[in-house]
Structures are given as structure tokens and as C-alpha cells.
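Comments concern the structure below.
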Amino acid sequence: MKSFSGKALRWEWRDGVVELTLDRAPANEIGTAMLADLEQFAAAIKSLEADTSACIISSAQKRGFSAGADLRELYHGAIALPGKERNAGVRDFVERSHAVANAIDAASFVTIAAVHGVCFGGGLELALTCDVIVADKMARFAFPELRLGLIPGFGGIPRLKRDLGNAFVRDLLLTGRSVNATRAQAVGLVAQLAGEGEALKVARATAAQIAKFDATTRAIAKKFLKPIPYAELKQEIEIFCELFARPAVLAALKKFVESTDAMPYLP
14 MKSFSGKALR WEWRDGVVEL TLDRAPANEI GTAMLADLEQ FAAAIKSLEA
64 DTSACIISSA QKRGFSAGAD LRELYHGAIA LPGKERNAGV RDFVERSHAV
114 ANAIDAASFV TIAAVHGVCF GGGLELALTC DVIVADKMAR FAFPELRLGL
164 IPGFGGIPRL KRDLGNAFVR DLLLTGRSVN ATRAQAVGLV AQLAGEGEAL
214 KVARATAAQI AKFDATTRAI AKKFLKPIPY AELKQEIEIF CELFARPAVL
264 AALKKFVEST DAMPYLP
């Protein structure tokens, strides 16, 4: 499948490069619609690999790459179910999310995240599945999950630990604060810093460079450079599901959903 248009994203293959565009208002929140479309892409990866050198993931939404999980959908879905069914539903969503992330992570072609604006929570976790992150100088990155009594649940901690030093990982996770693109590049999260509005342009130039090299060598090099921490990822699922079952998390989600603040994830 070389082109697709769903409820939350679309992609198109052209000259060996797949451009996947997240496009769900207001800020590409990852809920059931986004996950279903990402599953379509994950299922298409094998058929794309033979003649694809790179994939660029970007956003058509002005607010940014992705604000993370669709917390409103998560809350309303949770309160509609009794405890055991709620926990089973959350586990299913998280396991499906991990399957998608692992498929993107393991793709033999090179994946590039072209990031602008907010790249928070699940959005940052999606970007971390990519081999290269190109960021608009105005982009911001954060893991605000601890404010809700949770940890990232889309594979964020193991992948961040794989790529960066523990000092930054702990600071980002335990404070919940966002960092700008300049600092993100300084610590190695961002590979290339682009001018405002230029991230996609730089990502396309990077994809063109990648296409010059032998596909087999490129795939072997990627696999060697970027091992997938499967054991830690499985552990993350268990911890997330255990935390989600606590009443404090449902209360925090309720507060978020009912808030009229501009940034309700802040304490």
C-alpha cells in the first residue's frame, strides 16, 4: 500500500521515500483513531521496505507534532467501564501502541521525525521510534505523565534511555518540564536543528542523502546501531498498567478533562 488516507493521518510513497503526515485536530492526540491509522502503516511496512529508503513522519497541525495521548478519550472510556474491563481495555490499547512503535522502530528503511511545536508524551514516544529527529528551533519536548500519576506508556523510557544519558532522562521524566529544541539537540535527542517552519524541508534533504547508499548495508547498520530494548518495553507495559489501575490516576484524568486552564497538565 503506497498511499493511504485515514481519519488521523495519511501517507504517500514517492521516489523511494514515504511521507507520513499526522493530521488530527487539535494537536494530533493519540487515541483510538490515530492508533488505528498507525496500525495500518505498521501493517504496510513489510510491503514498503523493498523499495523504500526513508520515511518522514511530520504533522500538518499548526500546534505541533503531537501533544500526546488523547486524555479526554482515555478518561471517558475508562469511566464507562467497571474496573476489570477498564484495566483490560487500557492494557489492550497500550499493547497495540507498543506493537506499532516496535514495527516502526524495526523498519529496515530510515525513519525521520520532522518536529515542530509541541512534541509531548506519546508524541515524543512516536518521535523516539525514529532513527533521526529533525526539529524546528521552536519545538518543545516533554514527558508530563508523572503529573497524572503515570509513566510514559508507548515505549518512551526504554527508547530515551537507549539514546541518551541518564541525567537528562531522569530530569525530563521526574520534573515533567519541557525542553526547547536547542537543549534537545545539545543532549543528543535532536539530530538536526532547522529554522522555524523548515523541519520538513531539512528532513526531505536528509532523506535524499540517505537514498544514495546501499539498502542492505543501510539496514544492517541501522539494526546494529539501534537495538530494540524488548525486555524493558515489556516491563514498561506492566508498570503503566499497574499505575493506571490506581484511583489517583482516574482522579488526575478527571481534573485534566474538567480543567479550563490553557495548559491543564501543569500542576
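Heads up, the sequence shown is in the numbering used here, so the first residue is 14 and it goes up one at a time.
We put the beta carbon where it would ideally sit given N, CA and C, even for glycine.
- Look at Q198 here: in three-state DSSP terms it is helix.
- Of the other Cβ atoms in all chains shown, fewer than 16 fall within 10 Å of the Cβ of Q222; this residue is therefore exposed.
- D105: member of the alpha helix (DSSP H) spanning 96 to 119, first to last residue.
- Residue environment for H89: exposed (fewer than 16 other C-beta atoms within 10 angstroms of its C-beta).
- Excluding the 5 residues flanking it on each side, A216 has same chain C-beta neighbours closer than 6 angstroms at I69, I125, A127, V147, in chain order.
- Judged by DSSP in its simplified three-state form, C254 adopts helix.
- Around the CB of P39, fewer than 16 other CB atoms lie within 10 Å, so the residue is classed as exposed.
- According to the DSSP secondary-structure assignment, C132 is paired through a beta bridge with S79, F154.
- DSSP, reduced to helix, strand and coil, places Q205 within a strand of the structure shown.
- Residue environment analysis places A56 among the exposed positions, since fewer than 16 neighbouring C-beta atoms fall within 10 angstroms of its C-beta.
- Counted as a single uninterrupted DSSP element, the beta strand (DSSP E) harbouring R27 occupies residues 22 to 27.
- Taking G166 as the centre and dropping the five residues before and after it, the same chain places the C-beta of V107, F253 closer than 6 angstroms to its C-beta, in chain order.
- Per the DSSP secondary-structure output, S71 pairs in a beta bridge with T34.
- Sequence-distant Cβ neighbours of L33 in its own chain, meaning closer than 8 angstroms and more than five residues away, are L22, R23, W24, F54, C68, I69, I70, S71.
- Between S16 and the set L61, A264, L139, the nearest pair of CA atoms involves L61.
- The Cβ-Cβ distance between D149 and E209 falls below 7 angstroms.
- The way I'd put it, the stretch 220 to 238 doesn't touch the stretch 173 to 189; fewer than three beta-carbon pairs between them come closer than 8 angstroms.
- Taking C-beta atoms under 8 angstroms as the contact rule, F156 and G169 qualify, at a distance of about 6 angstroms.
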